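Chains as they are written, first to last, in my numbering: chain Z, 439 to 620; chain C, -8 to 193.
C-beta: ideal position from N, C-alpha, C; glycine also.
Predicted, not measured: the structure shown is a model, and the values here were computed from it.
Encoded as structure tokens, the structure appears first; notes follow it.
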């Protein structure tokens, strides 16, 4: 189904479609009331048809192949490191994914002014990725949510948190695998 | 990768399955979807009242001796449509890394939105009727007032966006705030087209 709210550009195009439809309906109604009703019915039907002309993006793609290169017996460790973390001790030989939550204040989160926080998190993720030779990505502004999101695509055996006790406890409450502090 | 190798890797997978594509929507975008869905229902309830009064009850529209200021509303419509164009310009500009283009676009959009709101208040003051004067004025003020309230909210969002734009918060890579605000502003304009067509023209 087509989604006019997917982006600003899509919504802008949708606005002009509505403008065009409104002009046609109003002109028809000025000519004759029932002509306007008929055109309105056709216009709404056309709009409904247009909505269903585009499938959900990716729905027709073949299922994603899961390519997990972790050899048997090797541990998979999810590292949750807040922005500013310089280094984290991880088990030798483990397959590691680092997630850096883009921590933001409540005001920043509510107003959406999180760009600077994401930039900080991206910088930390890049530094940790180079230092640990591991994949690193930026997560949600809530560390527990960031850990949950990461575990959906990275089936880890344990979570190592490079944050304070409060962060460790918050993540421990939300995930069902061992959580330890780095 | 061969089929055998793929199966081997598949068996090694532990942990929850890969999420479905649809669950990867950004939370702020999902929030805007839900918000706009609730807004459509809110406007829908007001339009239900409008159609009931006008079609089921057969109330003349506008009820004599009152008249609707169609010309002023048409000018307002042109202002609002132009503001959508400048909003789109702002978004396109920042996607191309043109920060000053975005700032100019957002500033113009804000000014035009403000003009619309001031013009609507002026229109109310000179309307010559009030909500106590019957069903027609009540529905007129409710529908246009509801939309005006949304323009006010949109202006508040635009104000934040414009301030952030001048403080250098947006770039070609990070401009989600402009994108989301733009979707809301266009939505407000879509609703105005529906209000203008039904209340003023039909």
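Which of the residues in the stretch 570 to 583 of chain Z, read from start to end, lie with their CB under 8 angstroms from any CB of chain C? Residues 578.
I need the DSSP call for residue 164 (chain C), collapsed to helix, strand or coil. DSSP places residue 164 (chain C) in coil when its eight states are reduced to three.
Element boundaries [beta strand (DSSP E), containing residue 580 (chain Z)]: Careful: residue 580 (chain Z) lies outside any beta strand (DSSP E) and carries neither H nor E.
Is the beta carbon of residue 476 (chain Z) within less than 7 angstroms of some heavy atom of the ligand MN? Absence of the ligand MN from the depicted structure is noted, as is the absence of any ligand whatsoever, leaving it without description.
Identified DSSP bridge partners for residue 596 (chain Z): Residue 596 (chain Z) has Z:515 as its beta-bridge partners, per DSSP.
Using beta-carbon positions only, say whether residue 126 (chain C) and residue 50 (chain C) come within less than 8 angstroms of one another. Going by C-beta atoms, residue 126 (chain C) is nearer than 8 angstroms to residue 50 (chain C).
Per the contact definition of three or more C-beta pairs closer than 8 angstroms, is the stretch 110 to 117 of chain C in contact with the stretch 22 to 40 of chain C? At 8 angstroms Cβ cutoff, the stretches do not touch.
Spell out whether any CB of chain D is found under 8 angstroms from the CB atom of residue 77 (chain C). No chain D appears in the structure shown, which is made up of the protein chains Z and C.
Can you give the beta carbon distance from residue 566 (chain Z) to residue 620 (chain Z), rounded, assuming they're within the 8 angstroms contact cut? Distance from residue 566 (chain Z) to residue 620 (chain Z) at the Cβ level is roughly 11 angstroms; contact not present, criterion being Cβ atoms closer than 8 angstroms.
Using beta-carbon positions only, say whether residue 563 (chain Z) and residue 536 (chain Z) come within less than 8 angstroms of one another. A Cβ-Cβ contact shorter than 8 angstroms links residue 563 (chain Z) with residue 536 (chain Z).
Pick helix, strand or coil for residue 602 (chain Z), following the three-state DSSP scheme. Annotated three-state conformation of residue 602 (chain Z) is coil, per DSSP.
Does the Cβ of residue 77 (chain C) have 16 or more other Cβ atoms within 10 Å, making it buried, or fewer, making it exposed? By the Cβ-count criterion, residue 77 (chain C) is buried, with 16 or more other Cβ atoms from all chains shown falling within 10 Å of its own Cβ.
With a threshold of 8 angstroms between beta-carbons, can residue 155 (chain C) be considered close to chain Z, or not? Chain Z contact via Cβ: present.
What residues from the stretch 446 to 458 of chain Z come within 8 angstroms of chain C, judged by C-beta to C-beta, listed N to C? If the cut-off is 8 angstroms between Cβ atoms, the stretch 446 to 458 of chain Z has 446, 447, 449, 450, 452, 453, 456 and 457 near chain C.
If the cut-off is 8 angstroms on Cβ atoms, which residues from the stretch 108 to 140 of chain C count as contacting chain Z, listed in chain order? Per Cβ criterion, the list is empty.
Report yes or no: do the stretch 458 to 476 of chain Z and the stretch 182 to 193 of chain C share at least 3 C-beta pairs separated by less than 8 angstroms? Inter-segment contact for the stretch 458 to 476 of chain Z and the stretch 182 to 193 of chain C is present: three or more beta-carbon pairs are separated by less than 8 angstroms.
Suppose you measure from the CA of residue 457 (chain Z) to the CA of residue 607 (chain Z); what does that come to, to the nearest Å? Within the model, the alpha-carbon separation for residue 457 (chain Z) versus residue 607 (chain Z) is close to 53 angstroms.
How would you write the range of the alpha helix (DSSP H) that residue 569 (chain Z) sits in, first residue to last? Residue 569 (chain Z) -> alpha helix (DSSP H) spans 553 to 570.
Decide if the stretch 474 to 490 of chain Z is in contact with the stretch 592 to 601 of chain Z; the criterion is three or more beta carbon pairs, one per stretch, under 8 angstroms apart. Cβ pair count under 8 angstroms is below three, so no.
Taking residue 576 (chain Z) and residue 540 (chain Z) to be in contact with their CB atoms under 8 angstroms, please state how far apart those CB atoms are, rounded to whole angstroms. Contact holds; Cβ gap of about 5 angstroms.
Who are the near neighbours of residue 600 (chain Z) in its chain, counting only those whose CB is closer than 6 angstroms to its CB and skipping five residues on each side? For residue 600 (chain Z), where only same-chain residues beyond five positions count, the Cβ hits under 6 angstroms are 519, 523, 526 and 620.
Going by DSSP, name the residue or residues bridged to residue 573 (chain Z). Per the DSSP secondary-structure output, residue 573 (chain Z) pairs in a beta bridge with Z:535.
Output the distance between the C-alpha atoms of residue 546 (chain Z) and residue 552 (chain Z), rounded to the nearest integer angstrom. Annotation: residue 546 (chain Z) to residue 552 (chain Z) spans about 6 angstroms, alpha carbon to alpha carbon.
Below 8 angstroms, can you find three or more Cβ-Cβ pairs linking the stretch 153 to 163 of chain C to the stretch 78 to 86 of chain C? Yes, the stretch 153 to 163 of chain C touches the stretch 78 to 86 of chain C.
Return the residues of the stretch 536 to 554 of chain Z that lie within a Cβ-Cβ distance of less than 8 angstroms from chain C, sorted by chain order. Taking 8 angstroms as the Cβ-Cβ cut-off, the stretch 536 to 554 of chain Z approaches chain C at 549, 550, 551, 553 and 554, given in chain order.
Any idea if residue 578 (chain Z) is buried or exposed, counting beta-carbon neighbours within 10 angstroms, 16 or more meaning buried? Residue environment analysis places residue 578 (chain Z) among the buried positions, since at least 16 neighbouring C-beta atoms fall within 10 angstroms of its C-beta.
Own chain residues within Cβ distance below 6 angstroms of residue 610 (chain Z), not counting five before or after: Excluding residues up to 5 positions away in sequence, 617 lie with their Cβ nearer than 6 angstroms to the Cβ of residue 610 (chain Z) in the same chain.
Same chain only: Cβ atoms within 6 angstroms of residue 81 (chain C), ignoring 5 sequence neighbours per side: If we look at residue 81 (chain C) and ignore the five residues flanking it on each side, its Cβ neighbours are 93, 96 and 97.
With a threshold of 16 other CB atoms inside 10 Å of the CB of residue 100 (chain C), please say whether the residue is buried or exposed. Classification of residue 100 (chain C): buried, given that the 10 Å Cβ count is 16 or more.
CA-CA distance, residue 65 (chain C) and residue 103 (chain C)? Each residue's alpha carbon lies about 14 angstroms from the other.
Please state the DSSP three-state secondary structure of residue -1 (chain C). Residue placement at residue -1 (chain C) is flagged as unreliable, the pLDDT there being 42, under the threshold of 50; the coordinate-derived value follows with that caveat. Looking at residue -1 (chain C) - three-state DSSP - the assignment turns out to be helix.
Can the beta-carbon of residue 37 (chain C) be found closer than 8 angstroms to that of residue 133 (chain C)? In this structure, the beta-carbon distance from residue 37 (chain C) to residue 133 (chain C) falls below 8 angstroms.
Can the beta-carbon of residue 186 (chain C) be found closer than 8 angstroms to that of residue 142 (chain C)? The Cβ-Cβ distance between residue 186 (chain C) and residue 142 (chain C) does not fall below 8 angstroms.
Those residues which DSSP pairs with residue 619 (chain Z) across a bridge: Under DSSP, the beta-bridge partners assigned to residue 619 (chain Z) are Z:599.
For residue 12 (chain C), I'd like the list of residues in its chain whose CB is within less than 6 angstroms of its CB, leaving aside the five on either flank, ordered along the chain. Because residue 12 (chain C) sits at a pLDDT of 40, beneath the cut-off of 50, its placement in the model cannot be relied upon, and the following sentence gives the value as read from the coordinates. For residue 12 (chain C), same chain residues with a beta-carbon under 6 angstroms away, outside a window of 5 residues either side, do not exist.
Where residue 491 (chain Z) sits in the DSSP three-state scheme: In the structure shown, residue 491 (chain Z) sits in coil (DSSP, three-state: anything other than H, G, I, E or B).
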